[in-house]
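One structure is given below, encoded as structure tokens.
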Amino acid sequence: MSEAAPKAQKLHVVDGPLSRNKLAVLRDERTRTPEFRRAMRELSLVMVAEATRAMPTKSTRIRTPLTRTEVEEIACPVCLVPVLRAGLGMLDGALALLPDATVGFMGLQRDEETAEPVEYYVNLPRNLGDYLVLVLDPMLATGGSLSATLTKLKEYGAAWISCLHAVAATPGVERVSREHPDIDFYAAAVDPELDDNAFIVPGLGDAGDRLYGTL
Ligand code: PRP
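Shown next, in the form of structure tokens:
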């Protein structure tokens, strides 16, 4: 973790060799859309594996080809919430590991002038209180989009929420930690600052545009 990184107690930096390697591909300006999309999917596998470590399991007995033994099953429902559009780039990887997950959608677009989030689509299951909710968004910049997402999820009853990001910026982590101190963050990297257009520096550019070829 860099020295400029915030000291949020619930910030988990997923910085093993696999995530560093995927992030290297994502940050490189030469990476074209197909490879960018693949690296984002692969990074989300690593992130989901880390972010579900505390998920409860229950024991059950099965037969292997040789004998009876005890194995573990996931014992809580999971709701994945990609923040449109860029969060969709993490959804396929998350569903590969959590095929039974429910999926809710949060449509937000940052106003290009003010950098404030504008809500345009919400489709979430009711009674999120039963779920582990995993918010998927490659970028946490000012924190405005994530803070609005968390407020909305709590209106729907969510009580256990973790947020997964490829890159989180220090100002965004600080803002969301202040406004939602009960949330866990998982980020492959924490970048120190934002530029005058509220883009993360060094960051990886506009994740939505790079995922969907709208540069
Ligand atoms: C980006 C990103 C986050 C948000 C982060 O989305 O995917 O959702 O900005 O910025 P913030 O922390 O300052 O709110 P964007 O609004 O560009 O929409 P897109 O995913 O449709 O490209």
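First residue of the sequence shown? That's 0 in numbering that gives the first Met the number 0, and the numbers climb one at a time after it. Backbone N, C-alpha and C define an ideal beta-carbon position, used for all residues, glycine too. The model shown is predicted, which means the values in this text are computed figures rather than measured ones.
Beta-carbon proximity of residue i to residue j, cut-off 7 Å
i           : j           : result
residue 210 : residue 36  : yes
residue 122 : residue 156 : no
residue 93  : residue 79  : yes
residue 207 : residue 85  : yes
residue 190 : residue 199 : yes
residue 203 : residue 185 : no
residue 129 : residue 76  : yes
residue 89  : residue 135 : yes
residue 50  : residue 161 : yes
Bounding residues of the alpha helix (DSSP H) (the contiguous stretch that carries residue i)
i           : result
residue 104 : Residue 104 -> not in any alpha helix (DSSP H); beta strand (DSSP E) instead, spanning 104 to 109.
residue 206 : 206 to 211
residue 16  : 16 to 26
residue 87  : 87 to 96
residue 32  : 32 to 50
Segment limits, beta strand (DSSP E) that includes residue i
i           : result
residue 167 : 159 to 168
residue 122 : 116 to 122
residue 81  : 77 to 83
Residue i to residue j span [Cα, whole Å]
i           : j           : result
residue 105 : residue 144 : 10 Å
residue 56  : residue 98  : 16 Å
residue 21  : residue 29  : 14 Å
residue 102 : residue 152 : 13 Å
residue 48  : residue 15  : 12 Å
residue 150 : residue 34  : 34 Å
residue 65  : residue 58  : 19 Å
residue 18  : residue 41  : 9 Å
residue 120 : residue 107 : 7 Å
residue 53  : residue 23  : 28 Å
residue 11  : residue 183 : 8 Å
residue 63  : residue 32  : 43 Å
residue 83  : residue 61  : 40 Å
residue 188 : residue 124 : 30 Å
residue 158 : residue 74  : 17 Å
residue 111 : residue 214 : 15 Å
residue 100 : residue 154 : 20 Å
residue 132 : residue 180 : 16 Å
Residue i - partner residues in DSSP beta bridges
i           : result
residue 58  : 71
residue 11  : 185
residue 139 : 167
residue 101 : 78
Residue i: CB within 6 Å of a non-hydrogen atom of the ligand ADP
i           : result
residue 136 : Among the ligands present in this structure, namely the ligand PRP, the ligand ADP is not found.
inquiry  = Tell me whether the region 116 to 131 and the region 60 to 72 touch, counting them as touching only if at least three CB pairs, one residue from each stretch, are closer than 8 Å.
reply    = no
task = Take every Cβ of the region 164 to 183, pair it with every Cβ of the region 131 to 139, and state whether three or more of those distances are shorter than 8 Å.
result = yes
inquiry  = Pairs of beta-carbons, one from the region 191 to 202 and one from the region 172 to 180, closer than 8 Å: are there three or more?
reply    = no
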